[in-house]
Amino acid sequence: MDMRTPLGKVRGLGSAKSGTEHFWRVRTTSLALVPLLVFYIVFLIIYAGKPYAEVVGALANPFVATINGLTVIASIIHMRLGMEEIIQDYIHSEITKLVLLILNAFFSLAVGGLCLFAVLKIAFAG
Amino acid sequence: MANVTNNRPLSPHLQIYKFIPTMAMSIVHRITGGALYFGTLLVAAWLIAAASGEGYFNLVNGLFGSIIGQIVLFGYTWAVLHHLLGGLRHIMWDIGYGFEKEFSTMLAKANLVASIALTVVVWAIVLIVR
Chain A
271 MDMRTPLGKV RGLGSAKSGT EHFWRVRTTS LALVPLLVFY IVFLIIYAGK
321 PYAEVVGALA NPFVATINGL TVIASIIHMR LGMEEIIQDY IHSEITKLVL
371 LILNAFFSLA VGGLCLFAVL KIAFAG
Chain B
7 MANVTNNRPL SPHLQIYKFI PTMAMSIVHR ITGGALYFGT LLVAAWLIAA
57 ASGEGYFNLV NGLFGSIIGQ IVLFGYTWAV LHHLLGGLRH IMWDIGYGFE
107 KEFSTMLAKA NLVASIALTV VVWAIVLIVR
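Heads up: the protein sequence lines correspond to chains A and B, in order.
Counting from 271, one number per residue, gives the positions in the first sequence under our numbering.
Counting from 7, one number per residue, gives the positions in the second sequence under our numbering.
#1: Are isoleucine 356 of chain A and lysine 367 of chain A touching if we call contact CB-CB under 8 Å?
#2: I'd like to know whether the C-beta of serine 363 of chain A is nearer than 8 Å to at least one C-beta of chain B.
#3: Would lysine 367 of chain A pass as an interface residue toward chain B - the criterion being a Cβ-Cβ separation below 8 Å?
#4: Show which residues of chain A have a CB atom less than 7 Å away from the CB atom of leucine 53 of chain B.
#5: Are any of the Cβ atoms in chain B nearer than 8 Å to that of glycine 319 of chain A?
#6: Give the range of the alpha helix (DSSP H) segment to which aspartate 272 of chain A is assigned.
#7: Spatial neighbours of leucine 91 of chain B within its chain, please: C-beta separation below 7 Å, excluding the five flanking residues on both sides.
#8: Touch check for the segment 379-388 of chain A and the segment 65-85 of chain B: three-plus C-beta pairs under 8 Å?
#9: What separation, rounded to the nearest whole angstrom, lies between the Cα atoms of isoleucine 26 of chain B and leucine 379 of chain A?
#10: Please state whether DSSP places tyrosine 103 of chain B in a helix, a strand or coil.
#11: What's the gap between the Cα of alanine 22 of chain B and the Cα of phenylalanine 105 of chain B?
#12: Can you list the residues of chain B that isoleucine 356 of chain A reaches, using a CB-CB cut of under 9 Å?
#13: Is any beta-carbon of chain B found at less than 8 Å from that of leucine 306 of chain A?
#14: Measuring straight from C-alpha to C-alpha, what distance separates tryptophan 99 of chain B and isoleucine 316 of chain A?
#15: Can you pull the chain A neighbours of phenylalanine 63 of chain B, defined as C-beta to C-beta under 7 Å?
#16: How would you label asparagine 12 of chain B, buried or exposed, when you count the other beta carbons within 10 angstroms and need 16 or more for buried?
#17: Since asparagine 374 of chain A and arginine 350 of chain A are thought to touch, with beta carbons under 8 Å apart, how far apart are those beta carbons, to the nearest angstrom?
#18: Rounding to the nearest angstrom, what Cα-Cα distance links glycine 278 of chain A and serine 288 of chain A in this structure?
#19: Determine the burial state of glycine 383 of chain A: buried for a count of at least 16 other Cβ atoms within 10 Å of its Cβ, exposed for fewer.
#20: Note the first and the last residue of the continuous alpha helix (DSSP H) segment covering phenylalanine 394 of chain A.
#21: On the premise that valine 381 of chain A lies in contact with leucine 47 of chain B, defined as a C-beta separation below 8 Å, what is that separation, rounded to the nearest angstrom?
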């Protein structure tokens, strides 16, 4: 006998209350990061060690700034999810796990926020 | 309440299995992922310095240009490339291809060789362009 409620059936989620979103986001961000990182590496090959004005000028280019921003967003989502998996795999104490998961979220968002602000400031204010 | 999960049998772990290339690259994939997590601080430092002005930018550029900085960046480049290539293998497996023993072992070895080769190529180009 099926004991699930009609709403539960429609949602298709079990007792974990979530489905494959974690897996799906890791994979979609990883796919996005392939071309983004290739661009990033080429950019760094060209501008590594170049003087300040030249680098900032290149970073202010709308195309570069957009790619830069997207790379930051895809990266922080991907790294947060990846670290979540590592924490859940190796940390068995419930309280330590919670603390680390929260720190993971804070760290990812802080790094992402700082990078995005820097990207936008260079793009809009030079 | 008794903790019932304590008495459950454990599945065999790392030390039980023979060490093989796919296993080694799986472990390296996770380690490089963890390293890249903290490596984003390098990118953040560089971007924030570029947004903060010439003085900060030159300071960070100087740190990155030092011997230790260059070694760290070289390692970071390798970690990115290894993790990227490893990710492509995972995508391949996700869509249902490449599970044959010889093929996956070959790809695991290729992952290591290609990541090192690409890192050297990238750095060679950087040093020549500079």
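Backbone N, C-alpha and C define an ideal beta-carbon position, used for all residues, glycine too.
Quick caveat, the model's predicted, so the values are computed rather than measured.
So, from the listed chains and residues:
#1: no
#2: no
#3: no
#4: Simply Cys385, Ala388, Val389.
#5: Yes, glycine 319 of chain A lies at the interface with chain B (some Cβ there is under 8 Å from its Cβ).
#6: No alpha helix (DSSP H) holds aspartate 272 of chain A; DSSP gives it neither H nor E.
#7: Annotation for leucine 91 of chain B: Asn117, Ala120, Ser121 place their beta carbon closer than 7 Å to its own, counting only its chain and skipping 5 residues before and after.
#8: no
#9: When rounded, the distance between both Cα atoms is 37 Å.
#10: coil
#11: Correcting the residue identity first, residue 22 of chain B is isoleucine in this sequence and not alanine. Using only the alpha carbons, I get a separation of about 22 Å.
#12: Those are Arg36, Gly39, Gly40, Tyr43, listed as they occur along chain B.
#13: no
#14: The alpha-carbon of tryptophan 99 of chain B is positioned some 34 Å away from that of isoleucine 316 of chain A.
#15: Tyr322
#16: exposed
#17: 6 Å
#18: 12 Å
#19: exposed
#20: 364-395
#21: 7 Å
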